[in-house]
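Following: one structure in structure tokens, then a few remarks.
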Amino acid sequence: MQKPNMFEAKKRDRKAIIKEEYKTDPKYKNIGNGLKYTVKTYGCQMNEHDSENIKAMLEEMSFTEEEDYEKADLVILNTCAIRENAHNKVFGLLGRLKHQKEENPNLIIGLCGCMAQEESVVEELSSKYKFVDIIFGTHNIHELPSILNKSLLKHAQEIEVYSIEGNLVENMPVRRDSKYKAWVNIMYGCDKFCTYCIVPYTRGRQRSRMPEDILNEVKKLKEDNYQEVTLLGQNVNAYGKDLDINYSMANLLEDVAKIGINRIRFVTSHPWDFNDEMIDVIAKYPNIMPYIHLPLQSGSDRILKLMGRKYTKASYLELFDKLKAKVKNVSITTDIIVGFPNETEEDFKETLDVVDYCKYDSAFTFIFSPRVGTPAAKMVDNVTLEEKETRLQRLNEVVNKYSKENNLKYLDKIVPVLLENVSEKNAEYLAGYTDTMKLVNVKAPKEYLGKIVNVKITDVKTWSLDGELVEVNLTNDEKNI
Ligand code: 5AD
Ligand code: SF4
Numbered sequence: 002m003q004k005p006n007m008f009e010a011k012k013r014d015r016k017a018i019i020k021e022e023y024k025t026d027p028k029y030k031n032i033g034n035g036l037k038y039t040v041k042t043y044g045c046q047m048n049e050h051d052s053e054n055i056k057a058m059l060e061e062m063s064f065t066e067e068e069d070y071e072k073a074d075l076v077i078l079n080t081c082a083i084r085e086n087a088h089n090k091v092f093g094l095l096g097r098l099k100h101q102k103e104e105n106p107n108l109i110i111g112l113c114g115c116m117a118q119e120e121s122v123v124e125e126l127s128s129k130y131k132f133v134d135i136i137f138g139t140h141n142i143h144e145l146p147s148i149l150n151k152s153l154l155k156h157a158q159e160i161e162v163y164s165i166e167g168n169l170v171e172n173m174p175v176r177r178d179s180k181y182k183a184w185v186n187i188m189y190g191c192d193k194f195c196t197y198c199i200v201p202y203t204r205g206r207q208r209s210r211m212p213e214d215i216l217n218e219v220k221k222l223k224e225d226n227y228q229e230v231t232l233l234g235q236n237v238n239a240y241g242k243d244l245d246i247n248y249s250m251a252n253l254l255e256d257v258a259k260i261g262i263n264r265i266r267f268v269t270s271h272p273w274d275f276n277d278e279m280i281d282v283i284a285k286y287p288n289i290m291p292y293i294h295l296p297l298q299s300g301s302d303r304i305l306k307l308m309g310r311k312y313t314k315a316s317y318l319e320l321f322d323k324l325k326a327k328v329k330n331v332s333i334t335t336d337i338i339v340g341f342p343n344e345t346e347e348d349f350k351e352t353l354d355v356v357d358y359c360k361y362d363s364a365f366t367f368i369f370s371p372r373v374g375t376p377a378a379k380m381v382d383n384v385t386l387e388e389k390e391t392r393l394q395r396l397n398e399v400v401n402k403y404s405k406e407n408n409l410k411y412l413d414k415i416v417p418v419l420l421e422n423v424s425e426k427n428a429e430y431l432a433g434y435t436d437t438m439k440l441v442n443v444k445a446p447k448e449y450l451g452k453i454v455n456v457k458i459t460d461v462k463t464w465s466l467d468g469e470l471v472e473v474n475l476t477n478d479e480k481n482i
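Count along the sequence shown from 1, add 1, and you get the number used in the numbering used here.
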């Protein structure tokens, strides 16, 4: 048994990153014979991608996928710790799974991801949630087969969570959810330590993958006909800073672009590390999508300082202006936290001021949620929840107004869309995204799935667009909105 420790998790050790190749162990091959699994994923794209690895490992153990967790023999919750509501959702589902296990004692329950890295969560699971069979963390996903095997042999809860990251494991098996677009990890962890954020504790220190491993993965995806890759990291702009090879995110983006895959995206950017070299590369290559997620968090310098964000309102706006000027047609989205401890009306107005200036294509907005172990959780706060909720509502009204305004610019325009799935509401429609990451619903036959097509936008909503297929060849200039 190995439990996590938040104090240990904070330590950053500059030791060299050791690469390890994943090896499938044939002795676990039949564990899942005749059994069905469900993986439920919470949180960010990093977790989505980890779940693709988990699913592949389970399938190598002969489990088959079952969408409805109530019919599954094994349910794994890949959890998120970023805010309390993600937490509550998981504990809610654990309550339902407890009843399911009372009716089916053979049900196997697993919990992994960021919540498994939290000391307080693991204490609770090991004292009050004994029916959870396996608990493993973000640093040892690759050990799932052996952890599962151990728990099954001893018929007892198995906890294996490391506070400190281990080797960088390459060539994990992957069962990708999409045939057309793929996640590619470029780095793990984060060293920024924003005062509100739990990620540097749950995901460990920053470790970049070697460029050749990333480039080989993208080349393979291109050969397999993937249309789009999204380069993933908690703070992708800092890619390479932990390697001794003088190779940056700008270099990586350029080398990925040269492979010639049709669409390249990357998340998430920290405004602090976003340099001119990177902007120039984004502007130069048409297959790097003109879409940037640029978290603001707050528009008040006082709050930004308390958050440990290391930029100011002015420097953020300078970067924003540069991106708009240099990257044609760029759409920019953001994340904003309201109700950080002692945020005043004046501070909040500074945030609204930035939103009015930037007119974001869309924004994810949150009320500050204290996370145990982070510095901000210890800050004394005199703002009421009611006030925080009012601010969130005021902010959302402005954010939605600009989302709709931006979307309206698309009306009657023709835009390229990668059609990636059948619309949930109407089987005659396919859904996909523009290069600027706008969701579009189009009436089209299923043969168009996986194709980048030109779509004329016929109707505009706050969060999506409707359109129809058109047969034209657009030049890059014509694609401008
Ligand atoms: N409370 C509220 N929102 C948070 N985020 C991160 N930590 C917290 C927290 N403690 C938000 C940030 C980040 C996004 C992924 O989640 O806006 O960019
Ligand atoms: Fe949530 Fe962050 Fe973990 Fe992603 S890395 S699952 S956003 S806590």
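All C-beta atoms in this analysis are idealised placements derived from N, C-alpha and C, irrespective of residue type, glycine included.
Nothing here was measured: the structure is a model prediction, and the numbers come from that model.
Short of 7 Å in beta carbon distance, which residues of its chain neighbour residue i, apart from the five on each side in sequence? Order them along the chain.
i, result
"Arg303", "Asp348"
"Thr42", "Asn48, Glu49, Ser52 and Asn79"
"Tyr130", "Leu95"
"Ala73", "Lys37, Tyr38, Thr39 and Glu67"
"Met98", "A small correction: the amino acid at residue 98 is Leu; Met does not occupy that position in the sequence shown. Counting only Cβ-Cβ distances below 7 Å, and skipping sequence neighbours, we find Val76 and Ile110."
"Asn401", "Thr463"
"Lys102", "Leu108, Ile110 and Phe132"
"Met308", "Cys195, Thr196, Tyr197, Gln298, Ser299 and Phe341"
Three-state secondary structure (DSSP) at residue i?
i, result
"Leu145", "helix"
"Glu22", "strand"
"Tyr130", "coil"
"Ala315", "helix"
"Pro291", "coil"
"Pro446", "coil"
"Ser249", "coil"
"Arg392", "helix"
"Arg208", "strand"
"Tyr1", "Nothing about residue 1 can be reported from this structure: the residues present for the chain run from 2 to 482 only."
"Tyr29", "helix"
"Met173", "coil"
"Leu483", "Past the boundaries of the shown model lies residue 483; the chain is included only from 2 to 482, so the question cannot be answered."
"Tyr202", "helix"
"Thr352", "helix"
"Val91", "helix"
"Arg266", "strand"
"Ser465", "coil"
"Val219", "helix"
"Glu161", "strand"
"Ser152", "helix"
What residues in its chain sit with their C-beta under 6 Å from that of residue i, if we drop five residues either side in the sequence?
i, result
"Glu255", "Val282"
"Ser363", "Thr334 and Ser404"
"Met484", "The question about residue 484 has no answer, for the chain in this structure spans 2 to 482."
"Glu319", "none"
Restricting to Cα atoms, I'd like to know which of the options is closest to residue i.
i, options, result
"Ser45", "Ile165, Thr231, Leu149 and Leu305", "The amino acid at residue 45 is misidentified as Ser; the sequence shows Cys. Residue Thr231 is the option with its Cα nearest to Cys45."
"Lys11", "Thr196, Phe369 and Leu305", "Thr196"
"Val384", "Asp413, Phe341 and Val355", "Phe341"
"Gln3", "Asn31, Met116, Ile136 and Lys28", "Ile136"
"Val339", "Gln394, Asn288, Thr313 and Phe321", "Gln394"
"Pro1", "Ala432, His88, Glu469 and Glu119", "Nothing can be reported for residue 1, as the shown portion of the chain is limited to 2 through 482."
"Met211", "Leu222, Asn252 and Val122", "Asn252"
"Lys30", "Thr39, Lys56 and Glu61", "Glu61"
"Glu213", "Val257, Ala157, His294 and Ala445", "Val257"
"Asn427", "Lys360, Ala445 and Lys410", "Ala445"
"Thr139", "Asn343, Ala157 and Gly114", "Gly114"
"Ala315", "Ser63, Tyr292, Cys359 and Leu154", "Cys359"
"Asp14", "Ile83, Asp134 and Gly205", "Gly205"
"Leu431", "Asn407, Leu470 and Leu412", "Leu470"
"Glu85", "Lys447, Met116 and Lys414", "Met116"
"Lys16", "Arg208, Val175, Glu71 and Ser128", "Arg208"
"Asn236", "Asn247, Asp225, Phe194 and Ile246", "Phe194"
"Asp336", "Asn217, Tyr70, Ser299 and Leu440", "Ser299"
"Tyr70", "Leu466, Asn105, Asp178 and Asp243", "Asn105"
Can you list, in chain order, the residues of its chain with a C-beta nearer than 8 Å to that of residue i? Leave out the 5 residues immediately preceding and following it.
i, result
"Asp26", "Pro146 and Ser147"
"Met7", "Glu119, Glu120, Ser164, Tyr202, Val373 and Gly374"
"Ile262", "Val219, Leu222, Lys223, Tyr227, Gln228, Glu229, Val230 and Asn288"
"Asn238", "Met250, Ser270, His271, Trp273, Asp274, Phe275, Asn276 and Met279"
"Asp55", "According to the sequence shown, residue 55 is Ile rather than Asp. Excluding positions up to five away in sequence, the list reads Val40, Ile77, Asn79, Cys113, Ile142 and Leu145."
"Glu1", "With the chain covering 2 to 482 only, the question about residue 1 has no answer from this structure."
"Asn172", "Glu22 and Tyr23"
So which residues touch the region around the ligand 5AD, with touch meaning a C-beta under 6 Å from any heavy atom? Ile83, Arg84, Tyr197, Cys198, Pro296, Gln298, Asp336, Ile338, Phe367, Phe369, Ser370 and Arg372
Quick check: the region 216–232 against the region 184–195, are at least 3 beta-carbon pairs closer than 8 Å? yes
Any chance the region 450–461 sits against the region 403–423, with 3 or more Cβ pairs inside 8 Å? yes
Would the region 162–169 and the region 16–31 be scored as touching if the rule is three or more Cβ pairs under 8 Å? yes
For the region 369–389 against the region 424–443, do three or more pairs of beta-carbon atoms, one drawn from each stretch, fall closer than 8 Å, so that the two count as touching? Judged by pairs of C-beta atoms under 8 Å, the region 369–389 does not touch the region 424–443, as fewer than three such pairs exist.
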